[in-house]
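Data first, discussion second: the structure below is written as structure tokens.
Residue numbers (this note's numbering): 245 to 422.
Laid out in structure tokens, this is it:
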């Protein structure tokens, strides 16, 4: 995958572990054990080091929020997600989504690479929700939480949408509402 990304002159490539949501909740064979996650993490670190001068390689385990690749605005009240901000996902039919969590909902399809330029899709404002159009005040559970300024769980609105069917709902894995 890294060599393919290099061939297409990509600036970065991201590896995201499958998360136990949606259909994956019933596909336990596809979920990784903690030992396998450690091996994957180590392998990707090695690949990242090997190709560090050629391409940025990122890795995300969705169950452990890490938004180091996300540019955050000076406004702490705006919610920015990596979805459609620093990454996109392309479904096999060519439909482009802001995040893998959105693949099951055509509401979040920004366009189709089979008949649109990827730059035009990227610049489309359909993903404004993830690019700061949601504010902390829009999140009823988060805005009242004493941890809201330091918690990164509030950032991933699509995980909340997929798991809770509520874009503005309680973030999955929230310790306060667990």
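Don't be surprised by glycine CBs; every beta carbon is placed ideally from N, CA and C.
Fair warning: this is a prediction, and the values are worked out from it, not measured in the lab.
Find out if the Cβ-Cβ distance for the pair residue i, residue j is shorter than 8 Å.
{"i": "residue 346", "j": "residue 411", "result": "no"}
{"i": "residue 338", "j": "residue 371", "result": "no"}
{"i": "residue 301", "j": "residue 260", "result": "no"}
{"i": "residue 440", "j": "residue 274", "result": "Because the chain here runs from 245 to 422, residue 440 falls outside it and cannot be looked at."}
{"i": "residue 354", "j": "residue 374", "result": "no"}
{"i": "residue 258", "j": "residue 304", "result": "yes"}
{"i": "residue 415", "j": "residue 397", "result": "yes"}
DSSP state of residue i, grouped into three classes?
{"i": "residue 322", "result": "strand"}
{"i": "residue 392", "result": "coil"}
{"i": "residue 339", "result": "strand"}
{"i": "residue 276", "result": "coil"}
{"i": "residue 350", "result": "helix"}
{"i": "residue 304", "result": "strand"}
{"i": "residue 355", "result": "strand"}
{"i": "residue 249", "result": "helix"}
{"i": "residue 262", "result": "coil"}
{"i": "residue 412", "result": "coil"}
For residue i, is the classification buried or exposed, using 16 other Cβ atoms within 10 angstroms of its Cβ as the cut-off for buried?
{"i": "residue 377", "result": "exposed"}
{"i": "residue 331", "result": "buried"}
{"i": "residue 324", "result": "buried"}
{"i": "residue 248", "result": "exposed"}
{"i": "residue 268", "result": "exposed"}
{"i": "residue 405", "result": "buried"}
{"i": "residue 413", "result": "buried"}
{"i": "residue 344", "result": "buried"}
{"i": "residue 399", "result": "buried"}
**OP:** Let me know the beta strand (DSSP E) ranges lying completely inside the stretch 357-407, each 3 residues or longer, listed in chain order.
**Re:** Entirely contained in the stretch 357-407, the beta strand (DSSP E) runs reaching 3 residues are, in chain order, 375-379.
Subject >> the stretch 378-385 in contact with the stretch 360-368 per 3-pair CB rule at 8 Å >> reply: The stretch 378-385, when compared against the stretch 360-368, does not touch it at the 8 Å Cβ threshold.
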